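S.K.: Please see the structure below; I have some questions.
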Amino acid sequence: MAELTYRQAVARGIAQEMDRDPTVYFIGEDVAAAGGVFKTTEGLQDRFGPERVRDTPISEEAITGAVMGAAMNGLRPIAEIMFSDFFATCWDIVANQIAKARYMTDGQITLPLVIRAANGGGARFGAQHSQAMENWAMAIPGLKVVAPSNAHDVVGLLAASVRDDDPVVFLEQKSLYASRQEVPEGEIVGELGKAAVVREGADITVVALAAMVPRALEAAETLAGEGIDVEVVDLRSLVPLDVTTVLNSVVKTSRMVTVEENPRLCGWGAEVTSIVTEEAFYDLDAPTLRITTPHIPLPSADTLEDLAMPSAETIASELRRVGNG
Amino acid sequence: MTAGADASADTVSIPLDKKLEMYRMMLDARLFEEKAHKLFFEGLVKGTSHLALGQEAVAAGFAAAMRSDDLTFCTYRGHTHTLLRGADMGALMAELLGRGNGICGGKGGSMHLTDVSVGAMGSYAIVGAHLPIAAGAAWAAQARGTGQVSVVFFGDGATNIGAFHEALNLAAVWSLPVVFVCENNLYMEYTPIGAVTAVPNPAADRAGAYGLEGIILDGNDVEAVYSTATAALEHARAGGGPQLIEAKTYRHGGHSRADPGTYRPDEEVQEWLDRDPIPAFRARLEAAGVAAETLDTIEAESDAAVEAATEVARSGPFPDPANLETQVWADGGSSWRN
Chain B
0 MAELTYRQAV ARGIAQEMDR DPTVYFIGED VAAAGGVFKT TEGLQDRFGP
50 ERVRDTPISE EAITGAVMGA AMNGLRPIAE IMFSDFFATC WDIVANQIAK
100 ARYMTDGQIT LPLVIRAANG GGARFGAQHS QAMENWAMAI PGLKVVAPSN
150 AHDVVGLLAA SVRDDDPVVF LEQKSLYASR QEVPEGEIVG ELGKAAVVRE
200 GADITVVALA AMVPRALEAA ETLAGEGIDV EVVDLRSLVP LDVTTVLNSV
250 VKTSRMVTVE ENPRLCGWGA EVTSIVTEEA FYDLDAPTLR ITTPHIPLPS
300 ADTLEDLAMP SAETIASELR RVGNG
Chain V
0 MTAGADASAD TVSIPLDKKL EMYRMMLDAR LFEEKAHKLF FEGLVKGTSH
50 LALGQEAVAA GFAAAMRSDD LTFCTYRGHT HTLLRGADMG ALMAELLGRG
100 NGICGGKGGS MHLTDVSVGA MGSYAIVGAH LPIAAGAAWA AQARGTGQVS
150 VVFFGDGATN IGAFHEALNL AAVWSLPVVF VCENNLYMEY TPIGAVTAVP
200 NPAADRAGAY GLEGIILDGN DVEAVYSTAT AALEHARAGG GPQLIEAKTY
250 RHGGHSRADP GTYRPDEEVQ EWLDRDPIPA FRARLEAAGV AAETLDTIEA
300 ESDAAVEAAT EVARSGPFPD PANLETQVWA DGGSSWRN
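Which chain is which? The protein sequence lines are B and V, in order. Per numbering that gives the first Met the number 0, residue 0 is the first one in the first sequence, and the count goes up by one each step. Per numbering that gives the first Met the number 0, residue 0 is the first one in the second sequence, and the count goes up by one each step.
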């Protein structure tokens, strides 16, 4: 068992799959010689060579188009989009081409590809390098959307994404890159569409994703000292969505709060809430609650950004309102 | 012309059977699309359609020169490219009619004809998007050492969108086996391409920016297309990197079925009708000694093939409602939750 950062887990996950499968290739801006601007891919080019780990120009349409075309012709490519905000520059390729190719051709085209990106706020980068855009991707039929909250899941879910025969948008939360965790040696393969109950509790179900998971866990510890027993569900992937784990938890606790980093409108929490009210309404003892970033672009100043994103403190105070009565 | 060499019709000696194959291809494409146009006005082809009437020589010359495992990427004006790579004509017509026996089960339609089994890797309806995708397929061919070449057809309008430039640069930097073919039909939808483009040859004049030779070609001369295509495919297959070809051509009709094309001067239309690639090629074949009866027979066979395909389409079933929510995912379904 070795301690691994979330950042190192990215390189380990990619290396695990490139070692196993010679059709796995990896491209992106500054990913090869420089090892990535977040140092998430250090050492990969040395290990796998300049053909399989390759730098690209700043050309997001070329990068995403290239992995699409390569996936149509026998590779299982991985692309990096440096900041998830840059998906806006290649959204045609991602949303119109990659997501729809299989359906439009009635199954003639299979696209086993992964597009990784550093997603989300907390790094003081301002509105164009901090967005949590998981809800953009979730809104497009044909894309799977994965967002791990810890180093172990980065390795396992990256492996599962590479092995999946469908296109996966893999969102790494950039403020988690320095977080550490004990991760066992050897091959790790996760499962897409499988949420994890990361803290068991009897009073309130908190459903969270990526950076909101450690914050929800911290809030849960605070409330434990106040006699409120919080269960935390880490969704891990939005598509496929593990509704069963959420519903089972809600049936147990009778209360549900979702914690989203994305801006308010059309966030995944709205979908989860809709499902729970349709399918577990009579199990609820209190109204559901969504905690999100306000519907604003994210500010740069640290004090403002901290105010905008759900913190452990704001999560705890909102959970107190929901109560345990 | 500011860019590059003029492609010549007689750089390659073309065997007679190849010439007759190309004559048949052009007729198949012409008669297929004329029929599709008629079926549109019968209310059987729905939505829209973008015909390549007048542009058949580009599709035929390339399809005749390509290896069976080479890959074609084309646009929403892609009936002919898909057909001439070898897709089943009946299944294509059925797709235009929205039938369950269509090439994409009715899920694609006129703008998305695809037959992966013959290397027709899709008709892409967002201008320029398929250039980087074709480059990506070429990257896989290079990585796997398959010897395939990716050929991507696009209109003059696509030369002003970012994806064109991103794809050309990447393909040049990585020396990818991809042939970029601009079908310059002089109009970007309803607007003369010259009115919105900084250079006179929208593709070829940009080639130098990517270290490529800008090759300009008479796209209505099927033999010139075949010769140029053969050379470009050999170059790319041998590891020489991408090629950029601008084929000058003209669509006989408007941009789409909603467009009568009245913005084009009558004299210009007439000039290009006089240069129709099919009668021009026929005259050349006859002058070379091919019997008129031989050519008439090919035309009759094309006509019969289109009639048969039309019957396949007309009598085809409507798509099974059970298929509405299939094939979003590789498991065949569309489930997003448990």
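We put the CB at the ideal spot given by N, CA and C, even for glycine. In this text the structure is predicted, and so the values were computed from the model without any measurement.
Using a cut-off of 8 Å between C-beta atoms, extract the partners of V:G331 located in chain B.
M.R.: The answer, in chain order, is G106.
S.K.: To the nearest angstrom, how far is it from the Cα of V:A257 to the Cα of V:L130?
M.R.: 27 Å
S.K.: Does the structure place the stretch 124-136 of chain B close enough to the stretch 80-89 of chain B that three or more beta carbon pairs sit under 8 Å?
M.R.: yes
S.K.: Span of the beta strand (DSSP E) holding B:P262?
M.R.: DSSP places B:P262 in the uninterrupted beta strand (DSSP E) bounded by M255 to P262.
S.K.: Look at the alpha carbon of B:V212 and the alpha carbon of B:R46, and state the distance between them as a whole number of angstroms.
M.R.: 33 Å
S.K.: For the stretch 126-137 of chain V, enumerate the residues whose C-beta is nearer than 9 Å to any C-beta of chain B, in chain order.
M.R.: G127, A128, H129, L130, P131, I132, A133, A134, G135, A136 and A137
S.K.: Identify every residue that forms a DSSP beta bridge with V:T190.
M.R.: V:M187
S.K.: Of all the CB atoms in chain B, is at least one closer than 9 Å to the CB of V:L70?
M.R.: Output row for V:L70: interface = yes.
S.K.: Quick check for students: name the residue ranges of the alpha helix (DSSP H) that lie wholly in the stretch 195-229 of chain B, counting only runs of 4 or more.
M.R.: Taking only runs of at least 4 residues, the alpha helix (DSSP H) segments lying wholly in the stretch 195-229 of chain B are 211-223.
S.K.: I'd like to know whether the C-beta of B:L74 is nearer than 9 Å to at least one C-beta of chain V.
M.R.: yes
S.K.: Could you check the C-alpha separation between V:S73 and B:D241 for me, to the nearest Å?
M.R.: For the sequence presented, residue 73 of chain V should be read as Cys rather than Ser. So the two alpha carbons sit approximately 39 Å from each other.
S.K.: Smallest Cα separation from B:A69: which of V:G42, V:P176, V:F40 and V:R29?
M.R.: V:P176
S.K.: Less than 9 Å separating the beta-carbons of B:V153 and B:E171?
M.R.: Yes; because the gap between Cβ atoms is below 9 Å, this pair is in contact.
S.K.: Can you have a look at B:D105 and say buried or exposed, based on whether 16 or more other CB atoms are within 10 angstroms of its CB?
M.R.: With 16 or more Cβ atoms within 10 Å of its Cβ, B:D105 is classed as buried.
S.K.: Please report the residue range of the beta strand (DSSP E) in which V:Y123 lies.
M.R.: A119 to Y123 is the span of the beta strand (DSSP E), which, as asked, contains V:Y123.
S.K.: Have a look at B:A61, B:M67, B:T22 and B:R11 and flag the residue whose alpha-carbon is nearest the alpha-carbon of B:E41.
M.R.: Shortest Cα-Cα distance from B:E41 to any of B:A61, B:M67, B:T22 and B:R11 involves B:R11.
S.K.: Which residue comes first and which comes last in the alpha helix (DSSP H) that contains V:I214?
M.R.: That residue, V:I214, is in no alpha helix (DSSP H); its beta strand (DSSP E) goes G213 to D217.
S.K.: Could you list the residues in the stretch 306-318 of chain B with a C-beta less than 8 Å from some C-beta on chain V, going in chain order?
M.R.: none
S.K.: For B:A78, does the three-state DSSP call read helix, strand or coil?
M.R.: strand
S.K.: Which value, in whole angstroms, describes the spacing of the CA atoms of V:G3 and V:G210?
M.R.: Any reading at V:G3 needs caution, since the residue's pLDDT is 44, under 50, leaving its predicted position unreliable; the model's value is listed next. Going by the C-alpha atoms only, they are around 12 Å apart.
S.K.: With 8 Å as the C-beta to C-beta threshold (strictly closer), list the residues of the stretch 81-99 of chain B near chain V in chain order.
M.R.: D91, I92, N95 and Q96
S.K.: Rounded to the nearest angstrom, what separates V:K45 and V:L26 at their Cα positions?
M.R.: Going from the Cα of V:K45 to the Cα of V:L26 covers about 24 Å.
S.K.: The beta strand (DSSP E) that contains B:A116, what's its start and end?
M.R.: V113 to N118
S.K.: Compare the Cα-Cα distances from V:A124 to each of V:S109, V:G288 and V:P264 and report the closest residue.
M.R.: It is V:S109 whose Cα lies nearest to the Cα of V:A124.
S.K.: Could you tell me which chain B residues have their CB closer than 7 Å to the CB of V:W335, listed as they occur along the chain?
M.R.: In chain order, V238, P239 and L240 make up the part of chain B whose C-beta sits under 7 Å from the C-beta of V:W335.
S.K.: Going by other Cβ atoms of all chains shown within 10 Å of its Cβ, with 16 needed for buried, is B:I203 buried or exposed?
M.R.: buried
S.K.: Where does V:T10 fall in DSSP's three states?
M.R.: At V:T10, the pLDDT of 49 sits below 50, so the modelled position is not reliable and the matter cannot be decided from this model.
S.K.: For B:P56, decide whether its Cβ has a neighbour in chain V, counting only Cβ atoms nearer than 9 Å.
M.R.: yes
S.K.: Suppose the cutoff is 8 Å on Cβ atoms and the five residues either side in sequence are ignored; what does the same chain contact list for B:A218 look like?
M.R.: V205, V229, A311, E312, I314, A315 and L318
S.K.: Per DSSP, what kind of secondary structure is V:F39 in: helix, strand or coil?
M.R.: helix
S.K.: What residues in its chain sit with their C-beta under 6 Å from that of B:L400, if we drop five residues either side in the sequence?
M.R.: The requested residue 400 of chain B does not occur in the structure, where chain B is confined to residues 0 to 324.
S.K.: Among all the DSSP beta bridges, which residues are the ones paired with V:E245?
M.R.: V:C181 and V:I215
S.K.: Quick test of your reading: V:A90 and V:G99, contact by CB under 8 Å. State the CB separation rounded to the nearest angstrom.
M.R.: The Cβ separation is near 11 Å, so there is no contact.
S.K.: Report buried or exposed for V:S12, applying the criterion of at least 16 other Cβ atoms within 10 angstroms of its Cβ.
M.R.: exposed
S.K.: Whose Cβ in chain B lies nearer than 8 Å to the Cβ of V:G161?
M.R.: Near V:G161 (Cβ distances below 8 Å), the residues of chain B are E60.
S.K.: Classify V:R98 as helix, strand or coil using the three-state DSSP reduction.
M.R.: If DSSP states are grouped into helix, strand and coil, V:R98 belongs with coil.
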